[in-house]
Amino acid sequence: MDDEIRISKAQLTEWAESLIHMNHHGTLVQREIASGNTDRASHLSERARKRAWKMLNELFEYGAEKPEGYCEPDSVDTEKDIKKNLARQHIIEGLLKARRDADNILKVLKTEEDPKLYLVADLLYSPHQAQSILELNRPINQIDEDFLVAEQNKLKRIEAELNARHNQEEAPA
236 MDDEIRISKA
246 QLTEWAESLI
256 HMNHHGTLVQ
266 REIASGNTDR
276 ASHLSERARK
286 RAWKMLNELF
296 EYGAEKPEGY
306 CEPDSVDTEK
316 DIKKNLARQH
326 IIEGLLKARR
336 DADNILKVLK
346 TEEDPKLYLV
356 ADLLYSPHQA
366 QSILELNRPI
376 NQIDEDFLVA
386 EQNKLKRIEA
396 ELNARHNQEE
406 APA
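Residue numbers for the sequence shown follow the working numbering, so the first one is 236 and each next one is one higher.
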């Protein structure tokens, strides 16, 4: 039997422990998200992803065949995450700008026939920023500026981490 591969009990035990840890991390991630602690949830999720990736690579080393359509997810996911992060930063920048000019924004929303067009053409918001202002569930003057600044800082920190990871992935082996 050429397809038969012997795997030690120690290796199987290590993989079983990894699966238990990944499941535990998944449960913790759900709890952290429910409690609003997204930074901790992101950290735990990344740990589980790395553990799963390590285990998958070990399976390939032992001879498991890569499924059809398989691709290395890190670089694809990182690039997608960078784009999503930058788009979110762009929206937060627009909301911060609007919050700091709340009286004018509220006036525009009440008096202009096409407030989105006015926000884009006259106040120089991007169409995405203008749309996010229009879709707010409450008036812009009720949005906490400190929350927006904290979100902006968090997104910039995440951007730096994603760029570092992306540069690592792009570096020659």
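Beta carbons: idealized from backbone N, C-alpha and C, even for Gly.
> Assuming residue 344 contacts residue 350 under a Cβ cut-off of 8 Å, what Cβ separation, rounded to an integer in Å, is found between them?
Replying inline: For the purposes of this step, residue 344 is taken as residue 109 along the sequence shown, with counting starting at 1. For the purposes of this step, residue 350 is taken as residue 115 along the sequence shown, with counting starting at 1. Between residue 350 and residue 344 the Cβ distance is about 5 Å, and since that is below 8 Å, they are a contact.
> Do you know offhand how far residue 261's Cα is from residue 267's?
Replying inline: Within the sequence shown, numbered from 1, the residue matching residue 261 stands at position 26. Within the sequence shown, numbered from 1, the residue matching residue 267 stands at position 32. Distance between the alpha carbons of residue 261 and residue 267 is about 10 Å.
>> Using a Cβ distance threshold of 8 Å, determine whether the stretch 355-375 contacts the stretch 324-331, with at least three qualifying pairs required.
In response: yes
>> If you measure between the beta carbons of residue 397 and residue 274, is that distance less than 8 Å?
In response: Start at 1 with the first residue of the sequence shown, and residue 397 comes out as number 162. Start at 1 with the first residue of the sequence shown, and residue 274 comes out as number 39. No; because the gap between Cβ atoms is not below 8 Å, this pair is not in contact.
>> For residue 360, report the span of its alpha helix (DSSP H) as first-last.
In response: For the purposes of this step, residue 360 is taken as the residue at position 125 of the sequence shown. That residue, residue 360, is in no alpha helix (DSSP H); it is neither H nor E in DSSP.
> Can you tell which of 281, 298, 271, 265 has its C-alpha closest to the C-alpha of residue 312?
Replying inline: In the sequence shown, counting from the first residue as 1, residue 312 sits at position 77. Of 281, 298, 271, 265, the residue nearest in Cα terms is 281.
> Does DSSP put residue 287 in a helix, in a strand, or in coil?
Replying inline: The residue you call residue 287 lines up with position 52 of the sequence shown. Helix, per DSSP.
> Between which two residues does the alpha helix (DSSP H) carrying residue 340 extend?
Replying inline: Counting from one through the sequence shown, the residue named residue 340 turns up at place 105. Note, residue 340: alpha helix (DSSP H), 337-346.
>> Report the CB separation of residue 375 from residue 320 in whole angstroms; it is logged as a contact under 8 Å.
In response: In the sequence shown, counting from the first residue as 1, residue 375 sits at position 140. In the sequence shown, counting from the first residue as 1, residue 320 sits at position 85. 23 Å between Cβ atoms; not a contact.
> Can at least three beta-carbon pairs, one atom from the stretch 329-344 and one from the stretch 372-387, be found at a separation below 8 Å?
Replying inline: yes
> Whose C-beta lies closer than 8 Å to the C-beta of residue 264 among residues of the same chain, with five residues either side of it excluded?
Replying inline: In the sequence shown, residue 264 corresponds to position 29, counting from 1. Within the same chain, residue 264 has close Cβ partners 276, 279, 280, 283.
> For residue 242, which three-state DSSP category applies?
Replying inline: Walking along the sequence shown from the start, residue 242 turns up at place 7. Residue 242 falls in the coil class under three-state DSSP.
> Among residues of its own chain, excluding the 5 on either side of residue 354, which ones have a beta-carbon nearer than 6 Å to its beta-carbon?
Replying inline: Numbered from 1 along the sequence shown, position 119 holds the residue referred to as residue 354. 360, 365.
> Is the distance from the Cβ of residue 387 to the Cβ of residue 331 below 8 Å?
Replying inline: Stepping through the sequence shown from its first residue, residue 387 is reached at position 152. Stepping through the sequence shown from its first residue, residue 331 is reached at position 96. The answer is yes: Cβ separation under 8 Å.
> Taking all protein chains shown into account, do 16 or more other C-beta atoms lie within 10 angstroms of the C-beta of residue 334, making it buried, or fewer, making it exposed?
Replying inline: Reading the sequence shown from its first residue, position 99 is the one you call residue 334. The residue is buried, with at least 16 neighbouring Cβ atoms inside 10 Å.
> Under a three-way DSSP split, which group does residue 414 fall into?
Replying inline: With the chain represented from 236 up to 408, any question about residue 414 goes unanswered, as that position is not in the structure.
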